[in-house]
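Trainee: Take any residue in the sequence shown, count from 1 to its spot, add 55: that is its number in our numbering.
Built from N, CA and C at the ideal position, the CB exists for glycine as well.
None of the values given here were measured: they were computed from a predicted structure.
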Amino acid sequence: MKTKKELKYGGLLMLALVAILAVSLVLSTGVMAYFIDGDGEILPPQGEVENGEEIREVEVELNDHEFAPNEIIVDAGEEVNFIVENSGSNFHTFTVYNPDEDQEYALAGAGIKPGDEEVVTAEIPEENQELLLVCYFHEEEGMVGTITVQ
Ligand SMILES: [Cu+2]
Numbered sequence: 056m057k058t059k060k061e062l063k064y065g066g067l068l069m070l071a072l073v074a075i076l077a078v079s080l081v082l083s084t085g086v087m088a089y090f091i092d093g094d095g096e097i098l099p100p101q102g103e104v105e106n107g108e109e110i111r112e113v114e115v116e117l118n119d120h121e122f123a124p125n126e127i128i129v130d131a132g133e134e135v136n137f138i139v140e141n142s143g144s145n146f147h148t149f150t151v152y153n154p155d156e157d158q159e160y161a162l163a164g165a166g167i168k169p170g171d172e173e174v175v176t177a178e179i180p181e182e183n184q185e186l187l188l189v190c191y192f193h194e195e196e197g198m199v200g201t202i203t204v205q
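(1) Starting from the C-beta of Val174, find all residues in its chain whose C-beta is less than 8 Å away, skip the five residues before and the five after it, and write them out in chain order.
(2) May I ask you to list the residues that DSSP assigns as paired with Gly166?
(3) Please report how far the alpha carbon of Tyr160 lies from the alpha carbon of Asn153, in whole angstroms.
(4) Secondary structure at Gln158, three-state DSSP: helix, strand or coil?
(5) Is the distance from the Cβ of Gln184 to the Cβ of Asp155 below 8 Å?
(6) Ignore the nearest five residues each way along the sequence and tell me which others in Gly166's own chain have a CB closer than 7 Å to its CB.
(7) Anyone know if the C-beta pair for Phe122 and Leu188 falls short of 8 Å?
(8) What would DSSP say about Gly200, mapped onto helix, strand or coil?
(9) Can you check DSSP and say which residues form a bridge with Ala123?
(10) Confirm the yes/no value for this check: CB of Asn125, any heavy atom of ligand 1, distance under 7 Å.
(11) Does the Cβ of Thr176 have 16 or more other Cβ atoms within 10 Å, making it buried, or fewer, making it exposed?
(12) Once you ignore the five residues that flank Val104 on each side, which residues in its own chain have a CB closer than 6 Å to its CB?
(13) Using C-beta distances below 7 Å, list every residue in its chain close to Asn118, excluding the 5 sequence neighbours before and after it, in chain order.
(14) Can you check whether the CB of Ile127 is closer than 8 Å to the CB of Gly197?
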């Protein structure tokens, strides 16, 4: 038969195990998404939110064959207007995918002729995750990027 003391320590051990389990669950899911710069810092979202407006504007240039910038950071659940300018000499697409969704359906996107500029509006998902940015035509040439939702 266990003494009172043994029972007490048994309970504490159980609590500690539950706490460790909870912490590792959290670490393995959402939290890692914050550590995107490798130093454990949360980076500010890019672009501007105009006074009194809810919509962030992020400028992106399409070159032959890359997005500039190709690593974009936004806030979860916000609406973003990507101001996309094709500075290259080829036709490019600015296509945003949610890797959790069916790849046939882009979250947002546009095809843009050389010299043209278009506003591509995207409703950013609520979950922390990484969205994919691709040009349909030059994905294999490395015209890809990420939109980190934090
Ligand atoms: Cu392209």
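Mentor: Reading from the atomic positions:
(1) Start at 1 with the first residue of the sequence shown, and residue 174 comes out as number 119. Excluding residues within five positions, the ones whose Cβ falls inside 8 Å are Asn136, Phe137, Ile138, Val139.
(2) What you label residue 166 is simply residue 111 of the sequence shown in a count that begins at 1. Answer is Thr148.
(3) Taking the sequence shown and counting its residues from 1, one reaches residue 160 at position 105. Taking the sequence shown and counting its residues from 1, one reaches residue 153 at position 98. Approximately 9 Å, taken between the alpha carbons.
(4) Here residue 158 is taken as the residue at index 103 of the sequence shown, counted from 1. Three-state DSSP puts Gln158 in coil, outside helix and strand.
(5) On the sequence shown, residue 184 is found 129 positions in, with the first residue counted as 1. On the sequence shown, residue 155 is found 100 positions in, with the first residue counted as 1. Yes, they are a contact pair.
(6) Here residue 166 corresponds to residue number 111 of the sequence shown, with the count starting at 1. Within the same chain, Phe146, Thr148 come within 7 Å of Gly166 by CB-CB distance, once the 5 residues on both sides are set aside.
(7) Looking up residue 122 in the sequence shown gives position 67. Looking up residue 188 in the sequence shown gives position 133. Yes. Within cutoff.
(8) In the sequence shown, the residue the question calls residue 200 occupies position 145. Correct three-state label for Gly200: strand.
(9) One-based indexing of the sequence shown puts residue 123 at position 68. The partner list for Ala123 (beta bridge, DSSP) reads Glu116.
(10) Reading the sequence shown from its first residue, position 70 is the one you call residue 125. Flag unset: Cβ of Asn125 not near ligand 1.
(11) The sequence position of residue 176 within the sequence shown is 121, counting from 1. Looking at its Cβ environment, which holds fewer than 16 other Cβ atoms inside 10 Å, Thr176 is exposed.
(12) To locate residue 104, count along the sequence shown from 1; it is residue 49. Excluding sequence neighbours, Val104 sits near Arg111.
(13) Position 63 of the sequence shown holds residue 118. Same-chain partners within the cutoff: Ser142, Gly143.
(14) Here the question's residue 197 lines up with position 142 in the sequence shown. Here the question's residue 127 lines up with position 72 in the sequence shown. Not in contact: Gly197 and Ile127 (Cβ atoms no closer than 8 Å).
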